[in-house]
Amino acid sequence: MDEERALYIVRAGEAGAIERVLRDYSDKHRATFKFEPTDEDKRKKLCEGIFKVLLKDIPTTCQVSCLEVLRILSRDKKILVPVTTKENMQILLRLAKLNELDDSLEKVSEFPVIVESLKCLCNIVFNSQMAQQLSLELNLAAKLCNLLRKCKDRKFINDIKCFDLRLLFLLSLLHTDIRSQLRYELQGLPLLTQILESAFSIKWTDEYESAIDHNGPPLSPQETDCAIEALKALFNVTVDSWKVHKESDSHQFRVMAAVLRHCLLIVGPTEDKTEELHSNAVNLLSNVPVSCLDVLICPLTHEETAQEATTLDELPSDKTTAKDTVLKNNTMVYNGMNMEAIHVLLSFMEKRIDKGSSYREGLTPVLSLLTECSRAHRNIRKYLKDQVLPPLRDVTNRPEVGSTVRNKLVRLMTHVDLGVKQIAAEFLFVLCKERVDSLLKYTGYGNAAGLLAARGLLAGGRGDNWYSEDEDTDTEEYKNAKPNINLITGHLEEPMPNLIDEMTEEQKEYEAMKLVNMLDKLSRGADVKDLHQDGG
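Counting from 40, one number per residue, gives the positions in the sequence shown under the numbering used here.
Given below as C-alpha cells:
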C-alpha cells in the first residue's frame, strides 16, 4: 500500500508532494531490511520513478528525500536488476559530484545530496553484480579518489569522506584489478595515508615520528569512522605488499607505519570504537613489510630523555617487573626506546585472549604481527620477552595455570583450533630465540610437543633463524628448584613418597625374597608371563 501511494505521487505529483510522500515512506521504512516478496514489482517501478524524478530540476530537499527512499529500496537485491543501468548509475555519480573534476565543494546545501548519493552507490555496488561491472566501465575508483582529494583537508565534510572511503573499500574488496589500479595508477597509498593524517590531526616531529598528546581529547565519532574506513581501504590496497622493491615504496610504508603507530596511541569516542580502530590498525600493520615496522619504536627525544629521571635502580625491587623497563609520564621506555605502541599491541592481544571467542579472526592477526616484529627487530623481541616471559621465580604451578600473559598463551598452545595454537606456540618460540631448552623452561614439554614435532625438534636444538647470543639469566629461586622440576609439566612437583620407608621389616624381607625368585627364574630362561604370575 505504501509503495502504491508513493508510486502514484512520484508519477503524477509536483516536487512538494513527492518530497512529502517519500519522506513519510522513508520515516516508516528506515529500519526495514526485509521486504515483502508480493510487493517486489511495485518497488521496482518506484525505483524507476525516482530515477526519473532525479533527472528533473527539483529542490535539494526533494533530491534528498528521493535518495533516502532509493537507499532503502536498494537493500533488496531482487529489485536492482532492472534499475541498475549505466544511465541510472551516471545520475548518482552526477549527484555525488563524482563527474566534476574541477568543481570544488563550496555549496554546503549540496552536502546532504552528495552523502545520500554515496550511500545509494554503496548499497547498489554491494548488492548488484551489474553495478560492479559498470563501476569498472565508468572508472568509479578514479572518480572517488578525485573527490577525496577535494575534501581531504576539510574537516566539516567528514560524512562525504566516510562514504567515499566506504565505497572505495567495497570496490577494492570486490575487484582485484581495482586494488592494483588504486595502488599504482591512482596513488592510493599516499592519498589514503594523508586521509588518516588529516583524521588524526598529526603533527610530525621527525620524518617518521609524530607528536602524541596523551592528555588530548579523544577522536570525534566522525573522525573515528573516517579513519576506520580509510584503514579498511588501505588494507585492500596493500594486501599483497609483502616485498618492497623500491626505496620510494619503503619510505611510503614507513610513513604509513608511523601513522598507524600514532593511531595505536590515541583513543576513540568509546571503548568499543577504540577497539575497532586499533583492530583495523593491527590488520593493516600485518600488510606492512616487516623491515618497515622498525618505526613502531623510536629513540627518546631530548626532552623525554631529560624527563626520564627515574631509573631501575631508584625503583623498589617489588615495583619492577622487567629489566630496563620504566613507566613514566605515560611513556613505556626500554633500552632508551619508546615502546608505547608495542605495549598497546600487547595489551590488545591480552584483551582478545580474555574474550575467549573468535580467536582465529580476532587474535591471530595481532599474534602474527607481534611474532614477525619480534623475529625481525631485536629491541621489540627483548621488550616482549621481558613482558611476557619474565625471569621465573615461582614454579610451583603448571605453566598453563594462572592469570599472567604467559599462562594465557601457554593455554592456547593446546587449543582445539590448529591455527590458534600454532601461532601462540610460534610467538613464544620466537621470544625464546627459537631455542628448545628455553621454550621448555617456560611452557613444559607437554605443551610444546606439537610445535616441536612440527619442526622436527623433539630431540632438542633450535630453529633456523639467527638471534643475538645474549643469554637468559635464571633467578636463584629457579636454580634451586630446577633439579625437581618435571620437564613434561614444567612445574615443581612434590617428591614421590618412598614406599619402602613405610614397610615393616617383615614386608621388606618378603619383597626382597620375591625379587630374588624372579631374578632366579629370569636367569633360567622363564618367560615374562611366568614372572608376572609368580610375582602376583
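Just so you know, even glycine gets a beta-carbon here, dropped at the ideal spot from N, CA and C.
Contact check, residue i vs residue j, beta carbons under 8 Å
i	j	result
S104	R50	no
L479	S413	no
H579	P438	The question about residue 579 has no answer here: the residues shown for the chain are numbered 40 through 575.
L406	M388	yes
T232	M295	yes
A54	P98	yes
L132	C190	no
L490	A415	no
L85	L112	yes
T100	E155	no
N166	L134	no
L299	A266	no
Residue i: first and last residue of the uninterrupted alpha helix (DSSP H) it sits in
i	result
T263	260 to 276
Q291	286 to 303
E465	457 to 470
L526	L526 -> no alpha helix (DSSP H), and no H or E assigned at all.
K521	Run containing K521: none; DSSP gives neither H nor E here.
G227	227 to 239
D66	54 to 68
R391	379 to 394
A492	484 to 494
Y549	544 to 562
M169	168 to 176
P121	119 to 122
I419	417 to 427
H214	Element bounds for H214: n/a, residue is neither H nor E.
R44	41 to 51
G401	398 to 401
T313	310 to 324
Neighbour-count burial assignment, residue i, 16 or more Cβ in a 10 Å radius
i	result
L46	buried
N556	exposed
G88	buried
N162	buried
A361	A caution first: A361 carries a pLDDT of 43, below 50, which makes its placement in the model unreliable, though a value can still be read off. Buried: at least 16 other Cβ atoms inside 10 Å.
K271	buried
R218	buried
N523	exposed
Q102	buried
T77	exposed
A492	exposed
M542	exposed
E268	buried
E42	buried
F72	exposed
S562	exposed
G483	buried
L206	buried
Limits of the beta strand (DSSP E) - the one that residue i falls within
i	result
D245	243 to 245
Contact belief for residue i with residue j at Cβ below 8 Å, rounded distance in angstroms
i	j	result
L235	G227	L235 to G227, Cβ: 12 Å. No contact.
N197	Q261	4 Å
S211	N275	4 Å
S240	P308	Wrong, their Cβ atoms sit about 15 Å apart, outside the cutoff.
K83	P121	6 Å
CB contact check: residue i to chain D, cutoff 8 Å
i	result
T71	Annotation note: the requested chain D is absent from the structure, which comprises a single protein chain.
For the structure I just gave you, are there three or more beta carbon pairs, one from the stretch 456 to 476 and one from the stretch 544 to 558, closer than 8 Å?
no
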